[in-house]
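Here's the structure, in structure tokens; my notes come after.
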């Protein structure tokens, strides 16, 4: 079994609470990076918007369009 298949099997055990806790951990991890490297916060807002769109493409596709 490959790494991706193993991770997929493990993630399927997650409930909604687990998913939201993982999202919160990622958010706080990003805040730690922003505090450690304050120059990141001087980037234009459009870089953050671009990254948001790039990261959201697949979840939006899977949630709304994939059957």
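Numbering (the numbering used here), first residue to last: 71 to 137. Beta carbons are placed, not taken as given, at the ideal position from N, Cα and C, and that holds for glycine. Note that the coordinates shown come from a computational prediction; the quantities given were computed from them, not determined experimentally.
- Counting along the chain, no alpha helix (DSSP H) covers residue 137, and no H or E run does either.
- In the structure shown, residue 107 adopts coil according to DSSP, grouped into three states.
- In the DSSP assignment, residue 118 falls within the unbroken alpha helix (DSSP H) covering 115-130.
- In the three-state reduction of the DSSP assignment, residue 84 falls in the coil class, being assigned neither a helical nor a strand state.
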